[in-house]
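Student: Supplied in structure tokens, the structure appears directly below.
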Ligand SMILES: Nc1ncnc2c1ncn2[C@@H]1O[C@H](COP(=O)(O)OP(=O)(O)OP(=O)(O)O)[C@@H](O)[C@H]1O
Ligand SMILES: Nc1ncnc2c1ncn2[C@@H]1O[C@H](COP(=O)(O)OP(=O)(O)OP(=O)(O)O)[C@@H](O)[C@H]1O
Ligand SMILES: [Mg+2]
Ligand SMILES: [Mg+2]
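Residue numbers (this note's numbering), protein chains in the order written: chain A, 1 to 248; chain B, 249 to 484; chain C, 485 to 720; chain D, 721 to 933; chain E, 934 to 1146.
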């Protein structure tokens, strides 16, 4: 489509069509995934629907391969990446981010009876994280910790779910993951089985990724999000999914 | 003249298999080639059928050149022309080469129907007539693996005869057959010749050769030793 | 007595191929079976070799039962015993069944070396001797696809003879051979018999059968018509 | 058991996509595979080398990369396909190469004597191939074809990379959502059923071809 | 070009793993595949059915699921393997089934007359198989084997699921990090080179077997 080819702002075109395409990894509970009926649901999904309703736009959720997300965006297959998308410096070079709407921590999870109580205890231990996730990036920002791990490497697995299973199998000693996701899995798998350490690998923020040329679209999303923060709609959505208002 | 072979040569791995073979056959004539095992008889037949390329010499079929020698090389026409030419020749292989996935009847009618556009009914009738003459009526729907050695050989003969070519080549057509059937085959071949076909037979059976042929050529180690006339050839 | 066949029967698709065939052969004796194509000759040989299971009757080789009839059923021993028994029998197939991936020499020495633990050198010497007798010395290192029909047949004969079985079965051993080679084969077979081997030959060549055999059995449509003694059998 | 019931809807939707891609690919790539085999066996140097090159590229790179190339790469030079078209295109191009090599093995294994018999009987090369060689070749390669077909049914899951959801994806979604491996086992069961059907079908073909030896 | 240079280190490390898994799987699964083929052809009902069942399960579920099952599932019943062992185990079990079916097709395609000739010559079934049948079968199935081997080299990338990094993963990581498809093309190139080597090797085998018809 023309969107990828030139540097024109694509918002008017989107408005002409009357719908916007949001790309998401539909396996990514609880931010965006499918329920039993195959409907795309989730915290980010509700948020996106509300934001674009306020702009008179319908939302089409396009499932994508998460590792191809920026390519999907920049070839114009999708108009926004909105799926627990962590703001990083590298990503800022490729896409434009909205202001953060959620804060997240990179937490360390162990089995409940583990002897690991702090980051220091990770020395010579096996630690896993999800492949290509911001958890890996966050750990790499503390190279002295990474090099103290067994073999000096992080084990990367395909999904957080598998990381938790590996933990239970006893082949790894700890998992580093997004707090929001981690809490979701812990609640699904049994709260009593796990311990979440005080120490973490830093905070980070979720934002919405837009093509750099689509400045008007960015502004429209920001405006709607601000309104929702003020009138309490955002808090409502947060409470629905997390039982708490964690919106920023 | 239907077939004219002029001093053809063929070697395998630099070892000569046939040397300077020349002979001719007219329509209605039956010619037998006799020679010890390994003498090059099958090789001659394969050269005439274009299955083996001669190293030198020329072969003419119904007045058209299958190959000719130029500057010590044997020149062949295009594959298409070759195929056209070859449709004048029928051949019964020493190893029969039946199609294992087709029944006896299907083996025989395959070429008439799919190569020469004969109507299926006509092809079938002709095939059954031939099978009947060869004592194989019961085996119409058998597959080759269900046949005895002699039965296979007879099917191969029937398959070739169904096409009515101008020249028919038989490579040891009676090797697996008893005297009675050999006689039946002889009668069939004679009938073909009476209808104007030229027939070339390879055989070890001297009695059979004498009974059936107008002429016999003796070869050994790839070379013609001698030729004898058995019966006067009338139609010439 | 080496082979004793008692009223064996075999049908294909409910159609009887052989019926009540009985005969015996002693060591040193040569027996020929003659009959028209499709009479059931190959089937008899295949039954004796255990390649085809009889429907009824019994076969005894060197005093041991290859099969015997009980309650209208033909009972066979275990595959292992069968194999043991069968190692007493050699066979030359009508279609030769050479191993295409082995040279002539390898075809012949395969079984002595890998089935009967003959030393490689001995096996090779014996093979070359046999090939020499059969006029095939030049073809020692050829592959089957490079051989003429008669050459293949001779290799098949050499392959079977290399094993020195107690009973040797030939299925039309001279079908692709000229009179001179036929004579060579006859001499080889006679030599085998003189050494005490029992020989069973299927052939269409009445002259060959008369020249070589002590006895001839005529069969037709699966049944024995008659048997004649040609020469007195001395060693009995 | 009730839980498995709740999975069914999305699984069946995914299954439909899986089967659609499977059938489309099969129907297109088997005949084209025969063409590839013939090209690969051609005595014309240019055709032969082209076929070898094509087979090399198609077998030499992962299907996943080929999907990415066709869907994300080709638009850069102005060739844009929608998701399903891109997927089918990539699958057919890829499987043609594999089927081509299998058909080649079958065709080459037929005794030369069969060609010669057909030739002296005056059958054209086309007729010889279709009526004499191919039927005998197919009998021999059925198990290898069955291997490839069964690989295909599972390869269909690669379409996730162009954003098409199918059976395996449906399982992964449920597995991640409910933090359990069970949905993946259900997916495995579906694949097992599909494979059982295919195995049975191929066994049927093999029996159909067993009338001769 | 310099950029590609920076990719090399991680790619070569990945390549080493790819080749390790590839070779281990091949060396183990080809001989075992022959055993599977023989089991599948066995006249003993129990062995035959077991082989059919094994082949069904192995071909019937995605290799990915088998990896997940062996690595994540078996620990639930107390069987814990380390990553590489689990990966090799899954690969060998899976590929045995595929190779088994290919060998079966080759073995079955050999004319009965060859068995009969070997039988009357007194060769044992084992010798008959190893010296008469197998060599002829292999000639016929080389292209199908080559298909499967080339599929294997690319399937090795599935080990990502048990947390082993290899060539494709190295490419994906770089591609995501640097937001460019270039690393994937480099990976494609590596696969192409590997496949070229394999294709060449198999062509050599085919020529080696072409001495007879
Ligand atoms: N493809 C080949 N490669 C090498 N040598 C060959 C080939 N075909 C035939 N020969 C050799 O050429 C010679 C002549 O073979 P040909 O088949 O013509 O003999 P023939 O006269 O038909 O013998 P037979 O009566 O035994 O069938 C033989 O020595 C044979 O070994
Ligand atoms: N596998 C089979 N299935 C069905 N019929 C068969 C089978 N094998 C042989 N027959 C039939 O049994 C009969 C006897 O066959 P056999 O091969 O024993 O004949 P033969 O005496 O050796 O003839 P020939 O001299 O032609 O070789 C034939 O009519 C043949 O068609
Ligand atoms: Mg000959
Ligand atoms: Mg016979």
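Virtual Cβ for every residue (Gly too), placed ideally from N, Cα, C.
Roughly how many angstroms separate the alpha carbons of residue 414 of chain B and residue 336 of chain B, rounded to a whole number?
Tutor: By one-based count along the second chain, residue 414 of chain B stands at place 166. By one-based count along the second chain, residue 336 of chain B stands at place 88. Approximately 5 Å, taken between the alpha carbons.
Student: Quick one: which residues of the region 510-531 of chain C get their C-beta closer than 9 Å to a C-beta of chain B? List them in chain order.
Tutor: 518, 519, 520, 521, 522, 523, 524, 525, 526 and 527
Student: Please work out which residues of its chain come closer than 7 Å, Cβ to Cβ, to residue 422 of chain B, disregarding the five sequence neighbours upstream and downstream, and give them in chain order.
Tutor: The residue given as residue 422 of chain B occupies position 174 in the second chain. Here the set comprises 430, 433, 451, 453 and 456.
Student: Suppose the cutoff is 6 Å on Cβ atoms and the five residues either side in sequence are ignored; what does the same chain contact list for residue 249 of chain B look like?
Tutor: Against the second chain, residue 249 of chain B aligns to sequence position 1. In the same chain as residue 249 of chain B, and ignoring 5 residues on each side of it, the C-beta atoms closer than 6 Å to its own belong to 272 and 274, in chain order.
Student: Could you pull the start and end residues of the beta strand (DSSP E) that residue 203 of chain A belongs to?
Tutor: Counted from its first residue, the first chain places residue 203 of chain A at position 203. Per DSSP, residue 203 of chain A belongs to the beta strand (DSSP E) from 194-210.
Student: Looking at the strands, I want to know which residues DSSP matches up with residue 196 of chain B.
Tutor: What is shown of chain B runs 249 to 484, which leaves residue 196 of chain B out entirely.
Student: Would you check if the distance between the CB atom of residue 352 of chain B and the CB atom of residue 389 of chain B is smaller than 8 Å?
Tutor: Counted from its first residue, the second chain places residue 352 of chain B at position 104. Counted from its first residue, the second chain places residue 389 of chain B at position 141. Yes. Within cutoff.
Student: Helix or strand or just coil, what does DSSP make of residue 461 of chain B?
Tutor: In the second chain, the residue the question calls residue 461 of chain B occupies position 213. Residue state, collapsed to three classes: coil.
Student: Below 7 Å between beta carbons is the criterion; list the residues of the region 342-354 of chain B that meet it against any residue of chain D, in chain order.
Tutor: 343, 345, 347, 348 and 349
Student: Counting only C-beta atoms, is residue 866 of chain D closer than 8 Å to chain E at any point?
Tutor: Within the fourth chain, the letter at position 146 stands for residue 866 of chain D. At a cut-off of 8 Å between beta carbons, residue 866 of chain D contacts chain E.
Student: For residue 720 of chain C, which residues in the same chain have their Cβ closer than 7 Å to its Cβ, ignoring the five residues on either side in sequence?
Tutor: By 1-based counting over the third chain, the position of residue 720 of chain C is 236. Confidence at residue 720 of chain C is low in this model, with a pLDDT of 43, below 50, so its placement is unreliable and no value can be given for it.
Student: Quick one: does residue 706 of chain C have its CB under 8 Å from some CB of chain B?
Tutor: The residue you call residue 706 of chain C lines up with position 222 of the third chain. Answer no: the Cβ-Cβ gap between residue 706 of chain C and chain B never drops below 8 Å.
Student: May I ask you to check if the CB of residue 578 of chain C is nearer than 7 Å to at least one heavy atom of ligand 4?
Tutor: As a position in the third chain, residue 578 of chain C is number 94, starting the count at 1. It does: the Cβ of residue 578 of chain C is within 7 Å (strictly closer) of some heavy atom of ligand 4.
Student: On the three-state DSSP scale, how would you describe residue 27 of chain A?
Tutor: Translated into positions along the first chain, residue 27 of chain A becomes position 27. Looking at residue 27 of chain A - three-state DSSP - the assignment turns out to be strand.
Student: Would you say residue 659 of chain C lies against chain B (beta-carbon separation less than 8 Å)?
Tutor: Residue numbering aside, residue 659 of chain C sits at position 175 when the third chain is read from its first letter. Yes, residue 659 of chain C counts as interfacial toward chain B.
Student: Residue 26 of chain A CB to nearest chain D CB: under 8 Å?
Tutor: Taking the first chain and counting its residues from 1, the one referred to as residue 26 of chain A is at position 26. Yes, contact with chain D.
Student: What is the DSSP secondary structure of residue 578 of chain C, reduced to helix, strand or coil?
Tutor: Taking the first residue of the third chain as position 1, residue 578 of chain C is located at position 94. Coil at residue 578 of chain C, not helix or strand.
Student: So, do the region 5-23 of chain A and the region 697-713 of chain C have three or more beta carbon pairs nearer to each other than 8 Å?
Tutor: no
Student: At which residues does the alpha helix (DSSP H) containing residue 230 of chain A begin and terminate?
Tutor: Taking the first residue of the first chain as position 1, residue 230 of chain A is located at position 230. Taken as a continuous stretch (DSSP letters only), the alpha helix (DSSP H) holding residue 230 of chain A covers 215-231.
Student: If you follow the alpha helix (DSSP H) that residue 947 of chain E is part of, which residue opens it and which one closes it?
Tutor: Taking the fifth chain and counting its residues from 1, the one referred to as residue 947 of chain E is at position 14. 935-974 is the extent of the alpha helix (DSSP H) around residue 947 of chain E.
Student: Helix, strand or coil: which one does DSSP assign to residue 35 of chain A?
Tutor: Position 35 of the first chain, counting from 1, holds the residue named residue 35 of chain A. Note: residue 35 of chain A maps to coil in three-state DSSP.
Student: Counting only Cβ pairs nearer than 9 Å, list the residues of chain B close to residue 496 of chain C.
Tutor: Along the third chain, one-based indexing puts residue 496 of chain C at 12. 394, listed in chain order.
Student: Compute the minimum distance between the beta carbon of residue 635 of chain C and the heavy atoms of ligand 1, and state whether it is under 7 Å.
Tutor: Within the third chain, residue 635 of chain C is the residue found at index 151, counting from 1. Checking every heavy atom of ligand 1 against the Cβ of residue 635 of chain C, one is found closer than 7 Å.
Student: Counting contacts by CB-CB distance shorter than 8 Å, is residue 654 of chain C in contact with chain E?
Tutor: For the purposes of this step, residue 654 of chain C is taken as residue 170 along the third chain, with counting starting at 1. Answer no: the Cβ-Cβ gap between residue 654 of chain C and chain E never drops below 8 Å.
Student: Kindly say whether residue 665 of chain C, judged by its beta-carbon, lies nearer than 8 Å to any beta-carbon of chain B.
Tutor: Along the third chain, read from residue 1 onward, the residue named residue 665 of chain C stands at position 181. Output row for residue 665 of chain C: interface = yes.
Student: Does the distance between the C-beta of residue 289 of chain B and the nearest non-hydrogen atom of ligand 3 fall short of 7 Å?
Tutor: Against the second chain, residue 289 of chain B aligns to sequence position 41. At least one heavy atom of ligand 3 lies closer than 7 Å to the C-beta of residue 289 of chain B.
Student: Please decide whether residue 6 of chain A counts as near chain D, where near means a Cβ-Cβ distance under 8 Å.
Tutor: Taking the first chain and counting its residues from 1, the one referred to as residue 6 of chain A is at position 6. Any reading at residue 6 of chain A is ruled out, since the residue's pLDDT is 49, under 50, leaving its predicted position unreliable.
Student: Suppose only complete runs of 4+ residues qualify. What are the alpha helix (DSSP H) ranges in the region 537-604 of chain C, listed by chain order?
Tutor: 563-570 and 588-600
Student: Which of helix, strand or coil does DSSP assign to residue 171 of chain A?
Tutor: Position 171 of the first chain, counting from 1, holds the residue named residue 171 of chain A. Note: residue 171 of chain A maps to coil in three-state DSSP.
Student: Is there a Cβ from chain E that is less than 8 Å from the Cβ of residue 570 of chain C?
Tutor: The residue given as residue 570 of chain C occupies position 86 in the third chain. So yes, residue 570 of chain C belongs to the interface.
Student: Along the region 60-90 of chain A, where does the CB come closer than 7 Å to a CB of chain D? Name the residues.
Tutor: 62, 63, 64, 65, 68, 71 and 75
Student: Consider the Cβ of residue 889 of chain D: report whether some Cβ of chain E lies at a distance smaller than 8 Å.
Tutor: Position 169 of the fourth chain holds residue 889 of chain D. No - not a single Cβ of chain E is within 8 Å of the one on residue 889 of chain D.
Student: Check whether the region 41-50 of chain A touches the region 112-119 of chain A, counting contact only when three or more Cβ pairs, one atom from each stretch, lie closer than 8 Å.
Tutor: no
Student: Quick one: give me the first and last residue of the alpha helix (DSSP H) that residue 1078 of chain E is part of.
Tutor: On the fifth chain, residue 1078 of chain E is found 145 positions in, with the first residue counted as 1. First-last of the alpha helix (DSSP H) with residue 1078 of chain E: 1067-1088.
Student: Using the rule of at least 16 other Cβ atoms within 10 Å of the residue's Cβ for burial, across every protein chain shown, is residue 101 of chain A buried or exposed?
Tutor: Stepping through the first chain from its first residue, residue 101 of chain A is reached at position 101. It counts as buried.
Student: Excluding sequence positions up to five away, which residues of its chain have a Cβ less than 7 Å from the Cβ of residue 860 of chain D?
Tutor: Position 140 of the fourth chain, counted from the start, is the residue given in the question as residue 860 of chain D. Answer for residue 860 of chain D: 826 and 829, listed in chain order.
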